[in-house]
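Residue numbers (the working numbering): 1226 to 1481.
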C-alpha cells in the first residue's frame, strides 16, 4: 500500500476503487473493531445481498482477508473470522519488537529527506484520523507507517512476518474493546519522537523510541501483554502465570 492507496481507499474517497476493494475494506474494519467475530459464519450469498454485488466480488474480498490471516475459508461450512490467543499475541509482540528495532537500525542509515517527508505525511494522516476518533483508520495508517520504516531496512523476506504480526496484534487489542476506546487528549503525536531521531540520524535514539512507542501502545490497549513482554522482564520472558495474565488483559484504561 502506498500513500496514494491510502488517499484513495474507501476510508477517504469513493473514487478509483473497485467494488471488491470496498467490500474488503468494510469487512476488514468490522473484524478489526470486533464487530465480526469467530462465533458467526460469513456467507458469500448474504454479503452479496448486503453489498448489492456478485458472489465473485465477495469471494475476491474474502480471499484477500484469508491471505492476511483474518478469515479461514472452510468450504461448505462457510468462512469464519480467525482468532488470536493471548499466548500468540505475546509471542507476536516479542517478534514485533525484535523486528522493528532491528529494522530501525538499518533504516536510519538509508533514510533520505524524501523518505522522512513521506513518514511525516503518514504521521499527519494518522493524527488527522485520531482527531476524528477513527480507530480503524488510525490502525491502517499506523501499520503502514511502521511497515514503511521496515521496508527501508531492505529485509524483504521478513516483511510478511511483520505485516501479519502488526495486523493480528491490532485486531487482538482493538477488537477487545468493541470500539469503546478512550482517547488520551494529552498524549500528542505517537510517532514524532521516532521521526525526529531519524532526522538527526540518531540510530540508538530511534531504536529506544521505537521500543518505547510500541510498549506504550501495548500498555494502553493490552496491559496483560505489556506486563508479560515489557514490565516484568525487560528481556521478554513472561513472569506472570496464565491466570494472572488473563486477569491483567481484561480491558481497563483502554486509551489510544
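A virtual CB, placed ideally from N, CA and C, is assigned to each residue, including glycine.
Excluding five sequence neighbours on each side, which residues of the same chain lie with their C-beta closer than 7 angstroms to the C-beta of residue 1420?
Cβ within range, chain order: 1341, 1344, 1345 and 1348.
Between which two residues does the alpha helix (DSSP H) containing residue 1343 stretch?
Per DSSP, residue 1343 belongs to the alpha helix (DSSP H) from 1338–1356.
Excluding five sequence neighbours on each side, which residues of the same chain lie with their C-beta closer than 7 angstroms to the C-beta of residue 1431?
Taken in chain order, the residues that qualify are 1329, 1333, 1419, 1422 and 1423.
By the 10 Å Cβ neighbour count, where 16 or more other Cβ atoms means buried, how is residue 1460 classified, buried or exposed?
The predicted model places residue 1460 with a pLDDT of 44, which falls under 50 and marks its position as unreliable; any figure quoted below should be read in that light. Looking at its Cβ environment, which holds fewer than 16 other Cβ atoms inside 10 Å, residue 1460 is exposed.
When we look at the beta-carbon of residue 1245 and count the other beta-carbons within 10 Å, is it buried (16 or more) or exposed?
Flag for residue 1245 reads buried.
Just the C-alpha distance for residue 1374 and residue 1396, rounded to the nearest angstrom, thanks.
Cα-Cα distance, rounded: 21 angstroms.
Applying the 10 Å Cβ sphere with the 16-neighbour rule, what's the burial state of residue 1413?
Note that residue 1413 scores 46 on pLDDT, short of 50, meaning its location in the model is unreliable and no value can be drawn from it.
Skipping 5 residues on each side, what residues in its chain have a beta carbon closer than 6 angstroms to that of residue 1278?
Excluding residues within five positions, the ones whose Cβ falls inside 6 angstroms are 1244.
Nearest to residue 1391 by CA position, among 1291, 1296, 1322 and 1252, is which residue?
Ranking the options by Cα distance to residue 1391, first place goes to 1322.
Give the straight-line distance between the Cα atoms of residue 1256 and residue 1306, rounded to the nearest whole angstrom.
Cα-Cα distance, rounded: 7 angstroms.
Measuring only the C-alpha atoms, how far is residue 1273 from residue 1383?
The alpha-carbon atoms of residue 1273 and residue 1383 are separated by roughly 35 angstroms.
Let me know if residue 1471 comes out buried or exposed under the rule of 16 or more other beta-carbons within 10 Å of its beta-carbon.
Bear in mind that a pLDDT of 41 at residue 1471, under 50, signals an unreliable position, so the number given afterwards is only what the model happens to contain. Burial call: exposed.
Leaving out five residues before and five after residue 1309 in sequence, what residues of the same chain have Cβ atoms less than 6 angstroms from its Cβ?
Within the same chain, residue 1309 has close Cβ partners 1393 and 1397.
Would you call residue 1339 buried or exposed, if buried means 16 or more other Cβ atoms sit within 10 Å of its Cβ?
The residue is exposed, with fewer than 16 neighbouring Cβ atoms inside 10 Å.
In this structure, does DSSP put residue 1298 in helix, strand or coil?
Looking at residue 1298 - three-state DSSP - the assignment turns out to be strand.
Does the Cβ of residue 1381 have 16 or more other Cβ atoms within 10 Å, making it buried, or fewer, making it exposed?
Result: exposed.
Work out the CA separation of residue 1264 and residue 1294 for me, nearest whole Å.
Taking the straight line joining both Cα atoms gives about 16 angstroms.
Using the Cα positions of residue 1387 and residue 1261, report the straight-line distance between them to the nearest angstrom.
Cα-Cα distance, rounded: 23 angstroms.
Can you round the beta-carbon distance between residue 1248 and residue 1282 to whole angstroms, since I take them to be within the 8 angstroms contact cut?
Contact flag correct, Cβ pair sits at about 6 angstroms.
Expressed to the nearest angstrom, what Euclidean distance is found between the alpha-carbon atoms of residue 1451 and residue 1327?
So the alpha carbons of these two residues sit roughly 20 angstroms apart.
Quick one: what's residue 1304 bridged to in DSSP?
Its beta-bridge partners are 1267 and 1298.
Going by DSSP, what residue range makes up the alpha helix (DSSP H) through residue 1259?
Segment: none, residue 1259 is in no alpha helix (DSSP H) and carries neither H nor E.
Closer than 7 angstroms by C-beta to residue 1318: which residues in its own chain qualify, once you throw out the five before and the five after it? Chain order, please.
Excluding sequence neighbours, residue 1318 sits near 1394, 1443, 1450 and 1454.
Cα separation between residue 1378 and residue 1336?
If you take the alpha carbons of residue 1378 and residue 1336, they lie about 9 angstroms apart.
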